[in-house]
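S.K.:
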Amino acid sequence: MVSAQAVLKEAGSWVGVAMGTAGHRSLVDAYNRVRPLPVGYRLAYSDDWCDMFVTVVADRVGAAGLIGRECGVQRHLQIFKQKGIWLGRVHPRPGDIVIFDWAGSNAGWADHIGYVERFDGKWIYTIEGNSNGRVARNRFAWNDWRIAGYARPKYDKPGSIKPGLNQSSKPEDTIKNLDRLAKEVIQGKWGNGQERVDRLTRAGFDAKAVQARVNGMVGSKINSESRQYSRIDKL
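Residues 47 to 281, numbered by my numbering, are exactly what the sequence shown covers, in order.
1. Measuring straight from C-alpha to C-alpha, what distance separates residue 126 and residue 119?
2. Can you name the start and end residues of the alpha helix (DSSP H) that residue 125 belongs to?
3. Spatial neighbours of residue 95 within its chain, please: C-beta separation below 8 Å, excluding the five flanking residues on both sides.
4. Under 8 Å, do residue 172 and residue 189 count as touching if we go by C-beta distance?
5. Measuring CB to CB, does residue 196 end up less than 8 Å from residue 53?
6. Should residue 218 be labelled buried (16 or more other beta-carbon atoms within 10 Å of its own) or exposed?
7. Go ahead and label residue 156 buried or exposed: buried means 16 or more other beta carbons lie within 10 angstroms of its beta carbon, across all protein chains shown.
8. What is the DSSP secondary structure of residue 78, counted as helix, strand or coil?
9. Less than 6 Å between C-beta atoms, sequence neighbours within five positions excluded: which residues of the same chain meet that for residue 104?
10. Would you say residue 182 and residue 100 are within 8 Å of each other, going by their C-beta atoms?
11. What number of angstroms, rounded off, separates the C-alpha of residue 149 from the C-alpha of residue 193?
12. Looking only at its chain, what residues have a beta carbon closer than 7 Å to the beta carbon of residue 246, apart from the 5 residues adjacent to it on each side?
13. Consider the C-beta atom of residue 200 and the heavy atoms of the ligand SAH; say whether any pair is separated by less than 7 Å.
14. Going by the CB atoms, is the gap between residue 180 and residue 131 shorter than 8 Å?
15. Could you name the residues of the same chain whose beta carbon sits closer than 6 Å to that of residue 242, not counting the 5 residues immediately before and after it, in chain order?
16. In chain order, what residues of the same chain lie with their CB nearer than 7 Å to the CB of residue 83, ignoring the 5 residues before and after it?
17. Cα-Cα, which of 63, 143 and 93 is closest to residue 200?
18. Would you call residue 68 buried or exposed, if buried means 16 or more other Cβ atoms sit within 10 Å of its Cβ?
19. Exposed or buried, residue 207, counting other C-beta atoms within 10 Å across all chains shown (16 or more means buried)?
20. According to DSSP, is residue 198 part of a helix, a strand, or is it coil?
21. Do residue 138 and residue 170 have their beta-carbon atoms positioned less than 8 Å apart in this structure?
22. Would you kindly work out how many angstroms separate the C-alpha atoms of residue 229 and residue 260, rounded to a whole number?
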């Protein structure tokens, strides 16, 4: 599970990337690398890519299971409904996914998709792929006639950082979270080297704190084994 903030941080890191650039091609390649491909379709660099962007952002922070994978907005809408996260036209929250219908919200066809970065009670501020050919931030009235509605993925804590690492009121929660993550790192679940650092950071974790805990665990294990061998030598 991941936080809404981690998703939005990842989405925001791509703002400004334009269609046809190396950044755009890397997004398409990342989408195509995950198998099986939705409906068996390999995305081309020339295809519409707003939903591909939403999908790849989720892939990169481990949220694909929360929203599903698609490159077609209408199909993705059906996935949201199947997952029980489609809310329709409600006041959104940061991390929600907004779907647009350019013919009007009652026309019945989903045309465009993006992430809600924030909501001030009247306006939503979005991050969208393929907005005039690039990843861009935009603003709309939350109930704009072109908005079909919103999906709300079941994040750990919508709009918040993982507790116990970047913010926490209980020291014991910090220790528990660090221990859990450190064990996952040791098991290889977060990759190695810079990849590990990047994945932990995108998920909202303090990579240095996690590494320090890993070092502590590994050091304790080595010391324990050394003491065990020492006792055996004395027998």
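By construction, the Cβ of each residue, glycine as well, lies at the ideal position given by its N, Cα and C atoms.
Model, not experiment: these values are computed from the prediction.
M.R.: In this structure, then:
1. Within the sequence shown, the letter at position 80 stands for residue 126. Within the sequence shown, the letter at position 73 stands for residue 119. In a straight line, the C-alpha of residue 126 is about 10 Å away from that of residue 119.
2. Counting from one through the sequence shown, the residue named residue 125 turns up at place 79. Counted as a single uninterrupted DSSP element, the alpha helix (DSSP H) harbouring residue 125 occupies residues 119-129.
3. Against the sequence shown, residue 95 aligns to sequence position 49. Excluding residues within five positions, the ones whose Cβ falls inside 8 Å are 65, 70, 73, 74, 89, 117, 175 and 176.
4. Here residue 172 refers to the residue found at position 126 when the sequence shown is read from its first residue. Here residue 189 refers to the residue found at position 143 when the sequence shown is read from its first residue. With a cutoff of 8 Å on beta-carbon distance, residue 172 and residue 189 are scored as not near each other.
5. In the sequence shown, the residue the question calls residue 196 occupies position 150. In the sequence shown, the residue the question calls residue 53 occupies position 7. In this structure, residue 196 keeps its C-beta atom at 8 Å or more from the C-beta atom of residue 53.
6. Position 172 of the sequence shown, counting from 1, holds the residue named residue 218. Any reading at residue 218 must be qualified, since the residue scores a pLDDT of 41, below 50, and its modelled position is unreliable; the value itself is stated next. By the neighbour-count criterion, in which a residue is buried when 16 or more other Cβ atoms sit within 10 angstroms of its Cβ, residue 218 is exposed.
7. By one-based count along the sequence shown, residue 156 stands at place 110. The residue in question, residue 156, is buried, as its Cβ has 16 or more Cβ neighbours within 10 Å.
8. Walking along the sequence shown from the start, residue 78 turns up at place 32. Helix.
9. On the sequence shown, residue 104 is found 58 positions in, with the first residue counted as 1. For residue 104, where only same-chain residues beyond five positions count, the Cβ hits under 6 Å are 110 and 113.
10. Along the sequence shown, one-based indexing puts residue 182 at 136. Along the sequence shown, one-based indexing puts residue 100 at 54. In this structure, residue 100 does not lie closer than 8 Å to residue 182 by Cβ.
11. As a first step, residue 149 must be located in the sequence shown, where it is residue number 103. As a first step, residue 193 must be located in the sequence shown, where it is residue number 147. Linking residue 149 to residue 193 through their CA atoms gives a straight-line distance of about 10 Å.
12. As a first step, residue 246 is located in the sequence shown; it is residue number 200 there, counting from the start. So the list reads 236, 253 and 256, once near-sequence residues are dropped.
13. In the structure shown, the ligand SAH is absent, as is every other ligand, since no ligand is present at all.
14. The residue given as residue 131 occupies position 85 in the sequence shown. The residue given as residue 180 occupies position 134 in the sequence shown. Judged by their CB atoms, residue 131 and residue 180 are not nearer to each other than the 8 Å cut-off.
15. Position 196 of the sequence shown holds residue 242. So the list reads 236, once near-sequence residues are dropped.
16. Working through the sequence shown from its first residue, we reach residue 83 at position 37. Cβ-Cβ distances below 7 Å link residue 83 to nothing in the same chain once the five nearest sequence neighbours on each side are left out.
17. Translated into positions along the sequence shown, residue 200 becomes position 154. Checked all of 63, 143 and 93; the closest Cα to residue 200 is 143.
18. Indexing the sequence shown from 1 puts residue 68 at position 22. Here residue 68 is exposed, its C-beta having fewer than 16 other C-beta atoms within 10 Å.
19. Reading the sequence shown from its first residue, position 161 is the one you call residue 207. Low confidence applies here, because residue 207 scores a pLDDT of 36, under 50, leaving its location unreliable; read the following figure in that light. With a threshold of 16 other beta carbon atoms within 10 Å, residue 207 meets it and is buried.
20. Sequence index remark: in the sequence shown, residue 198 carries index 152 (1-based). DSSP places residue 198 in coil when its eight states are reduced to three.
21. In the sequence shown, counting from the first residue as 1, residue 170 sits at position 124. In the sequence shown, counting from the first residue as 1, residue 138 sits at position 92. Closer than 8 Å, so yes.
22. By one-based count along the sequence shown, residue 229 stands at place 183. By one-based count along the sequence shown, residue 260 stands at place 214. When rounded, the distance between both Cα atoms is 7 Å.
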